[in-house]
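2 protein chains.
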Amino acid sequence: MQGVEAFLESKSIRVTAMRILICNFLSDKHEAVALSDIEHAFDKADRTTLYRTIKTFEEKEIVHQIDDGTGVTKYALCEPNCHCDLDTDLHLHFHCTQCGSTICLTDHKIPKIKVPKGFIAEHVNLVVKGICDKCSIN
Amino acid sequence: MQGVEAFLESKSIRVTAMRILICNFLSDKHEAVALSDIEHAFDKADRTTLYRTIKTFEEKEIVHQIDDGTGVTKYALCEPNCHCDLDTDLHLHFHCTQCGSTICLTDHKIPKIKVPKGFIAEHVNLVVKGICDKCSIN
DNA sequence: TAATTCATGCAATGGAAGTGCATTAATTGA
DNA sequence: TCAATTAATGCACTTCCATTGCATGAATTA
Ligand SMILES: [Mn+2]
Ligand SMILES: [Mn+2]
Ligand SMILES: [Zn+2]
Ligand SMILES: [Zn+2]
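Okay, structure coming up:
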């Protein structure tokens, strides 16, 4: 698609076939994905390339990492106005223990957390585990 | 020490030399420890034994796991009146990005987290990253 | 076009978690 | 006390994921 290429260029990410595919894959999936998910979606692609592509996306700040506690790092596209680097606009992440999916709750911001005197809070990782909306209706 | 043996027995954990050592090690350290930390503290001990000892401690609920996002699981002794299994009494964990230590902020409970309609929150993992009290004075 | 820079692919490494099985230590109960 | 049973320990091995070095291919620039 035209749009993705322009998007990547606007973030000064050089456009390649692989990068377009991965970017589209991330935007189509409405949940966070592991490297292995992408790997299985594109058999012909090498894991290292995927790894470095995601890393590039992270550095250029169109993707953010999620540590959902499963031991496998997940990734998701950032929202249009996201500032992953700053501490503003950090949203919750939800991990469903039934279907295993991890999703961004972009409308739910992390509350201000108090820490004891002498401690300096710079970043907060908050993952809620439980049953997601799709699994809870069954 | 007499105390530790009685403590283990009170939790129906069979007392062994290794378990006393590890339990003391955990209580002396005032921060969460990784398996490799214990491994290095007791060269003669086998990693598998440490692994299973910690697992036993967890099952008997005298130790809780901490996922601080470093990719290495940390462990810490539970507070006297802790109910790790339940969702009450969950305290914050702080990971210092300077000295690498991870500590329990037992006096700071995790605030109630709202999730969207249809989602059921069962557990929350919250890790604050930043500079700890010891590192911030330098 | 030639030189350079960057992306990709393959192979290998390393760390950590976890398991099977044999051996040793502790407990039970006859 | 001694034999039978059960639990703890140690060693070897495996799996999974993350990460890097190096060679090659593609794209950009001068
Ligand atoms: Mn997110
Ligand atoms: Mn704790
Ligand atoms: Zn689900
Ligand atoms: Zn520190």
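Top to bottom, those sequences are chains B and R. Take the position in the first sequence, starting the count at 1, then add 477; the result is the number in the working numbering. Take the position in the second sequence, starting the count at 1, then add 477; the result is the number in the working numbering. Glycine included, each C-beta is placed from N, C-alpha and C at the ideal position.
Check: residue i C-beta below 7 Å from any heavy atom of ligand 4
i: R:I608; result: yes
i: B:S513; result: no
i: R:C576; result: yes
Residue i Cβ short of 7 Å to ligand 3 heavy atom set
i: B:C573; result: yes
i: B:K611; result: yes
Limits of the beta strand (DSSP E) - the one that residue i falls within
i: B:K606; result: 597–608
i: R:A553; result: 551–554
i: B:L569; result: 568–573
i: B:C581; result: 579–586
i: R:I499; result: First-last for R:I499: 494–505, but that is the alpha helix (DSSP H), not the beta strand (DSSP E).
i: B:I668; result: Since the first residue of chain B shown is 478 and the last is 615, residue 668 of chain B is not available in this structure.
Unbroken alpha helix (DSSP H) run spanning residue i, endpoints
i: R:F519; result: Segment: none, R:F519 is in no alpha helix (DSSP H) and carries neither H nor E.
Chain R residues whose Cβ lies nearer than 9 Å to that of residue i
i: B:D505; result: Under the 9 Å cutoff, chain R gives no residues; its nearest Cβ is about 21 Å from B:D505.
Per-residue contacts from residue i into chain B (C-beta, under 7 Å)
i: R:L567; result: What R:L567 touches in chain B: nothing, since even the nearest Cβ is about 12 Å away.
Proximity test, residue i beta-carbon vs ligand 2 heavy atom, cut-off 7 Å
i: R:H541; result: yes
i: R:H568; result: yes
i: B:C500; result: no
beta-carbon residue i near ligand 1 non-hydrogen atom, thresh 7 Å
i: B:A483; result: no
i: R:H560; result: no
i: R:A509; result: no
Proximal residues, the segment 512–541 of chain R versus chain B, C-beta separation under 9 Å: none
Residues of the segment 572–603 of chain R with Cβ closer than 8 Å to any Cβ of chain B, in chain order: Under the 8 Å Cβ criterion, the segment 572–603 of chain R contributes T574, L582, D584, H585, P588, I590, K591, V592, P593, K594, G595, F596, I597, A598, E599, H600, V601, N602, L603.
Members of the segment 604–615 of chain B near chain R, C-beta cut-off 9 Å: V604, V605, K606, G607, I608, C609, D610, K611, C612, S613, I614
Validate contact between the segment 570–577 of chain B and the segment 540–555 of chain B using beta carbons, cut 8 Å, 3 pairs: Segments in contact, yes.
Stretch-stretch touch, CB-based, cutoff 8 Å, three pairs: the segment 600–607 of chain R with the segment 523–535 of chain R: no
Interfacial residues, the segment 541–554 of chain B to chain R, with Cβ spacing under 7 Å: D544, G546
Stretch-stretch touch, CB-based, cutoff 8 Å, three pairs: the segment 486–502 of chain R with the segment 606–613 of chain R: no
Cβ contact (3+ pairs, closer than 8 Å) linking the segment 530–538 of chain B and the segment 577–591 of chain B: Cβ pair count under 8 Å is below three, so no.
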